[in-house]
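**Student:**
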Amino acid sequence: DGGITQSPKYLFRKEGQNVTLSCEQNLNHDAMYWYRQDPGQGLRLIYYSQIVNDFQKGDIAEGYSVSREKKESFPLTVTSAQKNPTAFYLCASSVLAGAVGYEQFFGPGTRLTVL
Amino acid sequence: QQQVKQSPQSLIVQKGGISIINCAYENTAFDYFPWYQQFPGKGPALLIAIRPDVSEKKEGRFTISFNKSAKQFSLHIMDSQPGDSATYFCAASRTGNNRKLIWGLGTSLAVNP
Numbered sequence: 067d068g069g070i071t072q073s074p075k076y077l078f079r080k081e082g083q084n085v086t087l088s089c090e091q092n093l094n095h096d097a098m099y100w101y102r103q104d105p106g107q108g109l110r111l112i113y114y115s116q117i118v119n120d121f122q123k124g125d126i127a128e129g130y131s132v133s134r135e136k137k138e139s140f141p142l143t144v145t146s147a148q149k150n151p152t153a154f155y156l157c158a159s160s161v162l163a164g165a166v167g168y169e170q171f172f173g174p175g176t177r178l179t180v181l
Numbered sequence: 002q003q004q005v006k007q008s009p010q011s012l013i014v015q016k017g018g019i020s021i022i023n024c025a026y027e028n029t030a031f032d033y034f035p036w037y038q039q040f041p042g043k044g045p046a047l048l049i050a051i052r053p054d055v056s057e058k059k060e061g062r063f064t065i066s067f068n069k070s071a072k073q074f075s076l077h078i079m080d081s082q083p084g085d086s087a088t089y090f091c092a093a094s095r096t097g098n099n100r101k102l103i104w105g106l107g108t109s110l111a112v113n114p
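Protein sequence lines, in the order shown, are assigned to chains S and P.
Quick note: to get my numbering, add 66 to the position in the first sequence (first position is 1).
Quick note: to get my numbering, add 1 to the position in the second sequence (first position is 1).
1) Is S/Leu181 closer than 8 Å to S/Lys80 when the C-beta atoms are compared?
2) In three-state terms, what does DSSP make of S/Asp96?
3) Are there three or more Cβ pairs, one per stretch, closer than 8 Å when the stretch 149-165 of chain S is compared with the stretch 99-114 of chain S?
4) Counting only the same chain and skipping the five closest in sequence on each side, list residues whose C-beta sits under 7 Å from that of P/Ala87.
5) Can you check whether the CB of P/Gly44 is closer than 8 Å to the CB of S/Gly175?
6) Tell me whether the stretch 48-59 of chain P and the stretch 29-38 of chain P touch, counting them as touching only if at least three CB pairs, one residue from each stretch, are closer than 8 Å.
7) For P/Ile103, which option in P/Ile19, P/Ala25, P/Asn68, P/Leu12 has the closest C-alpha, if you only look at C-alpha atoms?
8) What are the partner residues of P/Lys59, as DSSP defines its beta bridges?
9) Considering only the alpha carbon of each residue, which of P/Thr29, P/Ile49, P/Ile78, P/Leu76 lies closest to P/Ser94?
10) Does S/Asp212 come out as helix, strand or coil in the three-state DSSP assignment?
11) Near P/Ala46, which residues of its chain fall below 8 Å by C-beta distance, leaving aside the five closest residues on each side in sequence?
12) Per the DSSP calculation, S/Val161 is bridged to which residue(s)?
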């Protein structure tokens, strides 16, 4: 099956700890994205990557970090500098952003709760 | 700065009725307007999309109407069903290198049986 997997589905973190969310895709997509979703605030872009070993900040990158060492993988680290990390995190992938009529495919999400 | 404004925030419709969600955009360079559907606890999925060279696109019970002069586009769900209960997001982007999707804030639709 082609698609995007995210793990874990639920994650609990103590304040002051860094945590890493996993995102893997087997769609052979060049672009990958991380979004944060909070009630009533839609989808806010954290980071995105168009090519291996390159990524750009989105609208709310502070307190987050990413890497793109492989085309298939785009892990997100929520650092202790993120002041309010409790949220639903979504990973997506697509053909190159800005291609004609491109579609973003989303994973099932990870719900992070800070205790 | 919200470049894509979506309304209403929430919507309740009776089974068999028509659900209408509206979006307005500011950037006249946008040339791609998708709608995504998200069920609780799941990731969004593309529902239907339109480009500005047509004023309407229909796929089954779902129709996008596009008004270029007013810079507005809307999603119509005909014969709404309880299974349509979900959050709907409109978005916009422009073709070109490294162009991101700009998202509306979403509309929570509940279809009562």
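For each residue, glycine too, the CB sits at the ideal point set by N, CA and C.
Since the structure is predicted, the reported quantities are computational estimates derived from the model, not experimental observations.
**Tutor:** For this structure:
1) Residue 80 of chain S sits at position 14 when you count from the first residue of the first sequence. Residue 181 of chain S sits at position 115 when you count from the first residue of the first sequence. A contact, by the Cβ cut-off of 8 Å.
2) The count along the first sequence starts at 1 and reaches residue 96 of chain S at position 30. DSSP places S/Asp96 in coil when its eight states are reduced to three.
3) As far as the Cβ criterion goes, the stretch 149-165 of chain S touches the stretch 99-114 of chain S, which means the pair count is three or higher.
4) Within the second sequence, the letter at position 86 stands for residue 87 of chain P. The residues are Gln38, Gln39, Phe40, Leu110.
5) On the first sequence, position 109 is the one that residue 175 of chain S refers to. On the second sequence, position 43 is the one that residue 44 of chain P refers to. Yes; because the gap between Cβ atoms is below 8 Å, this pair is in contact.
6) As far as the Cβ criterion goes, the stretch 48-59 of chain P touches the stretch 29-38 of chain P, which means the pair count is three or higher.
7) Position 102 of the second sequence, counting from 1, holds the residue named residue 103 of chain P. Comparing C-alpha distances from P/Ile103 to each of P/Ile19, P/Ala25, P/Asn68, P/Leu12 shows the shortest one belongs to P/Ala25.
8) Here the question's residue 59 of chain P lines up with position 58 in the second sequence. Paired residue(s): P/Thr64.
9) Here residue 94 of chain P refers to the residue found at position 93 when the second sequence is read from its first residue. Here the closest residue by C-alpha is P/Thr29.
10) As shown, chain S starts at 67 and ends at 181. That puts residue 212 of chain S outside it, with no answer to give.
11) In the second sequence, counting from the first residue as 1, residue 46 of chain P sits at position 45. Tyr37, Gln38, Gln39, listed in sequence order.
12) Residue mapping note: residue 161 of chain S aligns to position 95 of the first sequence, counting from 1. BP columns for S/Val161 are empty, so no partner.
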